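Trainee: Sharing a structure below in structure tokens format, with a few things to ask.
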Amino acid sequence: MPTVLHMISGDLWAGAEVMAYHLLKGLQKFEELDIQVVLLNEGRLSEEIRNLGIRAHVVDESRNSLVSTFRTMREILRKEKPDIIHSHGYKVNILSYLMPKMPGRKYNPRYQFISRLNLFLLSRYFHRVVGVSGEIKKAFVKQYRFREDKVGVIHNGIEIPDSPVTRDNNEYFVIGSSGRLFPVKNYAFMIEIARVMRKKTNRIRFALAGDGPEMIKLKALVSRYHLDDVFTFRGHLQNISLFYQGLDLYLNTSINEGIPMSVLEAMAHKLPVVAPRVGGFPEIVDDGVQGYLLEERNPEAFAEKCLFLSDNEPLRQEMSEAARKKVEQRFSMEQMAQNYFNLYVELMQGH
């Protein structure tokens, strides 16, 4: 039975961690695989993995020096003797390469070289690199000069929820988004959209789920625009499904994205999507079918599409059904797990 050892940081519970959880859960159906996990942090991900019955080794980076972390993880590697190491993210990419080659001296790279080091190791010493979108693969090949045959594309997938109950038509049309409150998500732009829409209608409400370092800044912006009565911060939610069920439309304002789990989850809950045409969005949303993709980043253009959908219930319902169907057909947890299993088999046969 081949052993696949997944290496994950696990310091957050965000899109990357949710993706890893869904992948591990999906891989459990393949009885011919022995799945094990090494994490660098205790947290929700380690708890969820153990609940799946998967053996998880936690090497707590907050309690161990870099050298101690290397040595502990190298001992795990020697003991388990995995056939394949599947690393998730730059930190564990570097660790997975250094573990069997760790020098005796202390290794302390400067932060500004981490990205370059990660790309160098991926291009030279990893057998396969997987991008979650065709746009990411293009960047690896065109921008970072990776061999094209070394880079694959496997879309993220989610566990499809039961068909959600259609939201009753209430007094307000609710537009929402969810994610970590980081600058790249550009939630300040979402607030700008709310500001534009507030001038045109009183029946719109906005809801933002998530936590992060930009919370204070975003709340201050809402207050400055006098939007406290229309814009709600929901914070971190354990049951995100209930959040989606309370929305009529999902709005993404990110500066860049791969295949965001939050958008897949929203679509699985029959929510049409309005988003910028960046990253992997064209692979998720067909413009005019499951929602709208906008080239120009200005709040008036986004507000116009949101208002149009709020006033056009038949089209909104059509897009809702199309969104659910697209996720079921292309972005399920089962499909993602099958694609990674096929990759593992290919690597085993080739090496």
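To convert, note that position 271 of the sequence shown is 1614 in the numbering used here; the numbers rise steadily by one, no gaps. Just so you know, even glycine gets a beta-carbon here, dropped at the ideal spot from N, CA and C. Since this is a predicted model, take the numbers as computed values, not measurements.
(1) Assuming residue 1358 and residue 1478 form a contact by the criterion Cβ under 8 Å, report the distance between their Cβ atoms to the nearest whole angstrom.
(2) Tell me whether residue 1358 sits in a helix, a strand or coil according to DSSP, three-state version.
(3) Specify the secondary structure class of residue 1477 as computed by DSSP and reduced to three states.
(4) Taking the CB atoms as reference points, tell me whether residue 1475 and residue 1494 lie closer together than 8 Å.
(5) Nearest-angstrom Cα distance between residue 1534 and residue 1516?
(6) Given this structure, state the Cα-to-Cα distance separating residue 1352 from residue 1369, to the nearest angstrom.
(7) What would DSSP say about residue 1569, mapped onto helix, strand or coil?
(8) At what residues does the beta strand (DSSP E) containing residue 1430 begin and finish?
(9) Report back the beta-carbon spacing between residue 1635 and residue 1614 to the nearest angstrom; my notes put them in contact at under 8 Å.
(10) Quick one: grab the DSSP three-state call for residue 1444.
(11) Among 1430, 1380 and 1584, which has the Cα closest to the Cα of residue 1419?
(12) When you compare only the Cα positions, how much space is there between residue 1638 and residue 1608?
(13) Between 1548, 1631 and 1504, which has its C-alpha nearest residue 1582's C-alpha?
(14) Can you say whether residue 1559 is buried or exposed, counting buried as having 16 or more other CB atoms within 10 angstroms of its CB?
(15) With the cut-off set at 8 Å, would you say residue 1530 and residue 1551 are in Cβ contact?
Mentor: According to the data block:
(1) Not quite, the Cβ-Cβ distance comes to about 16 Å (not below 8 Å), so this is no contact.
(2) helix
(3) helix
(4) no
(5) 16 Å
(6) In a straight line, the C-alpha of residue 1352 is about 20 Å away from that of residue 1369.
(7) coil
(8) From DSSP, the beta strand (DSSP E) with residue 1430 extends over 1427-1431.
(9) Not a contact, Cβ separation roughly 13 Å.
(10) Unreliable positioning characterises residue 1444 in this predicted model, as indicated by a pLDDT of 43, which lies under 50. A coordinate reading is not provided.
(11) 1380
(12) In this structure, the straight-line span from the alpha carbon of residue 1638 to that of residue 1608 is close to 23 Å.
(13) 1504
(14) exposed
(15) yes
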